[in-house]
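Student:
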Amino acid sequence: MEKILTIAVPMYNVEHYIRQCLDSFLIDDGIEVLEVLIINDGTLDSSAQIAQEYVDRYPSVYRLISKKNGGHGSAVNLGISEAKGKYFKVVDGDDWLDPAGLKKLICTLSNSNSDIVASNYYWVFDGTNKMKKEIDQPFRGVEYGKEYKFIYICNDLYIKMHSMTIRTQLLQEYHVCLDENCFYVDTEYIIYPIPYVKTVTFLEECVYRYRVGLSEQSVNIYKMQDRCEQHEHVLNQLIHFYEMRKSQDPQPILKYLERGIARMVSSQVKIYLSYPASTVYRKKIRELDQKLYSDYPGIYSAMQNRFVWLLRFSGYRLYPIASYILRIKNNI
Numbered sequence: 267m268e269k270i271l272t273i274a275v276p277m278y279n280v281e282h283y284i285r286q287c288l289d290s291f292l293i294d295d296g297i298e299v300l301e302v303l304i305i306n307d308g309t310l311d312s313s314a315q316i317a318q319e320y321v322d323r324y325p326s327v328y329r330l331i332s333k334k335n336g337g338h339g340s341a342v343n344l345g346i347s348e349a350k351g352k353y354f355k356v357v358d359g360d361d362w363l364d365p366a367g368l369k370k371l372i373c374t375l376s377n378s379n380s381d382i383v384a385s386n387y388y389w390v391f392d393g394t395n396k397m398k399k400e401i402d403q404p405f406r407g408v409e410y411g412k413e414y415k416f417i418y419i420c421n422d423l424y425i426k427m428h429s430m431t432i433r434t435q436l437l438q439e440y441h442v443c444l445d446e447n448c449f450y451v452d453t454e455y456i457i458y459p460i461p462y463v464k465t466v467t468f469l470e471e472c473v474y475r476y477r478v479g480l481s482e483q484s485v486n487i488y489k490m491q492d493r494c495e496q497h498e499h500v501l502n503q504l505i506h507f508y509e510m511r512k513s514q515d516p517q518p519i520l521k522y523l524e525r526g527i528a529r530m531v532s533s534q535v536k537i538y539l540s541y542p543a544s545t546v547y548r549k550k551i552r553e554l555d556q557k558l559y560s561d562y563p564g565i566y567s568a569m570q571n572r573f574v575w576l577l578r579f580s581g582y583r584l585y586p587i588a589s590y591i592l593r594i595k596n597n598i
């Protein structure tokens, strides 16, 4: 039977969560059109043994691929290359999908030829029952289930990784490839395909459940400090990609790329501000901002972070105060 959806599950040391993840794909209607690629990224715990149980029970759906540790990007790259489904989605091994939402997603994908099908998702705070919906709607007046020309609406939205289900052929045909042995490549995954996206359909259901609050997550501020150079590397890769696309893409697409990269810049500034105030990090912030101003004014103007605008307005004189506020806010 033709596979409608390939779900790639990057897996590394998630033995406490992987069952919930893999169980969430066991829907009673439509499982036969699913392909679940569990990418064992050199896990050191019992995650692989747990995953093998699902392969043994449902060999036509689940497949375990083991590889040397190469980071999240390497697992996604392998998933893309191995995918046989019409559409492709990434679900991290410590996250999961809502089964009812997955059914609706499969139904939509079966009848869709859109390049992207975007759905809502919930943030789930680990160890609690607290959930927060990512957005109310992608843009005002959206008609769910309608196919839109991406170029006409892209100025009104930003599609994040947990929302995105994308046509597999698009990823494979244009050789979308993420950095390996590196964190923070999610933005590469949602930015690199955009110049080739022509159509998008929106789904109202909250399909994805994004677990937050784990100490090992890359968005933990202490982890971001430890991996500051990796974050800088990915930001530079994105800027290089934008530089290559500037002469090829229409303005609406470039504006979308600028807004996406500006979000990454905001995160970089947040990392710099999270350290104790010093001339070193003040200089880093100023040099980054001035580089954007002189070389990439579109990205510069797309910045919406209040700390950045406060620093600009003050000529960076308020840097110590901004750093202090951010550190207090994050309990550093």
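Taking the numbering used here, the leading residue of the sequence shown gets 267, the next gets one more, and so forth. The beta carbon of each residue, even a glycine, is placed where N, CA and C say it ideally should be. Since this is a predicted model, take the numbers as computed values, not measurements.
1. Who are the Cβ neighbours of LYS415 in its own chain at under 8 Å, not counting the five residues just before and after it?
2. Take every Cβ of the stretch 342-350, pair it with every Cβ of the stretch 417-427, and state whether three or more of those distances are shorter than 8 Å.
3. Which residue's Cα is closest to the Cα of TYR522: SER540, ARG572, ILE457 and GLU509?
4. What are the boundary residues of the beta strand (DSSP E) that includes MET277?
5. Near TYR424, which residues of its chain fall below 7 Å by C-beta distance, leaving aside the five closest residues on each side in sequence?
6. In chain order, which continuous runs of the alpha helix (DSSP H) of length 4 or greater are located wholly inside the stretch 564-591?
7. Check whether the Cβ atoms of ASP561 and ARG578 sit closer than 9 Å, and answer yes or no.
8. Does ALA366 pass the burial test, meaning 16 or more other C-beta atoms within 10 Å, or should it be called exposed?
9. Does DSSP classify ASN306 as helix, strand or coil?
10. To the nearest angstrom, how far is it from the Cα of PRO551 to the Cα of TYR508?
11. Relative to the C-alpha of THR309, which candidate in ASN279, VAL321, VAL302 and ILE331 has its C-alpha closest?
12. Less than 9 Å separating the beta-carbons of ALA528 and MET490?
13. Can the beta-carbon of ASP361 be found less than 9 Å from the beta-carbon of ARG477?
14. Where LEU584 and ASP422 are concerned, what is the direct C-alpha to C-alpha distance, given to the nearest angstrom?
15. Of all the options GLN403, LYS350, PRO404 and TYR388, which has the alpha carbon lying nearest to the alpha carbon of MET397?
16. Quick check on DSSP: helix, strand or coil for VAL473?
17. Enumerate, from N- to C-terminal direction, the unbroken alpha helix (DSSP H) stretches of 4 or more residues contained entirely within the stretch 332-367.
18. Per DSSP, which residues does MET510 bridge with? Please list them.
19. By DSSP, does SER560 sit in helix, in strand, or in coil?
20. Applying the criterion that 16 or more other CB atoms from any shown protein chain within 10 Å of the CB defines a buried residue, is GLY407 buried or exposed?
21. Measuring alpha carbon to alpha carbon, tell me which of ALA274, GLY351 and PRO404 ends up nearest ALA636.
22. I need the DSSP call for THR545, collapsed to helix, strand or coil.
Tutor: To lay it out plainly:
1. LYS464 and THR465
2. No, they do not touch.
3. ILE457
4. 271-277
5. ARG525 and GLY526
6. 572-579
7. no
8. exposed
9. strand
10. Residue identity differs from the one stated: residue 551 is Ile in this sequence, not Pro. Approximately 20 Å between the Cα atoms of the pair.
11. ASN279
12. no
13. Going by C-beta atoms, ASP361 is nearer than 9 Å to ARG477.
14. 32 Å
15. That would be TYR388, whose Cα lies nearest to the Cα of MET397.
16. When DSSP states are grouped into helix, strand and coil, VAL473 belongs to the strand group.
17. 337-348
18. For MET510, which the question treats as bridged, DSSP gives no partner whatsoever.
19. helix
20. exposed
21. There is no way to answer for residue 636, as the model of the chain reaches only from 267 to 598.
22. THR545 falls in the helix class under three-state DSSP.
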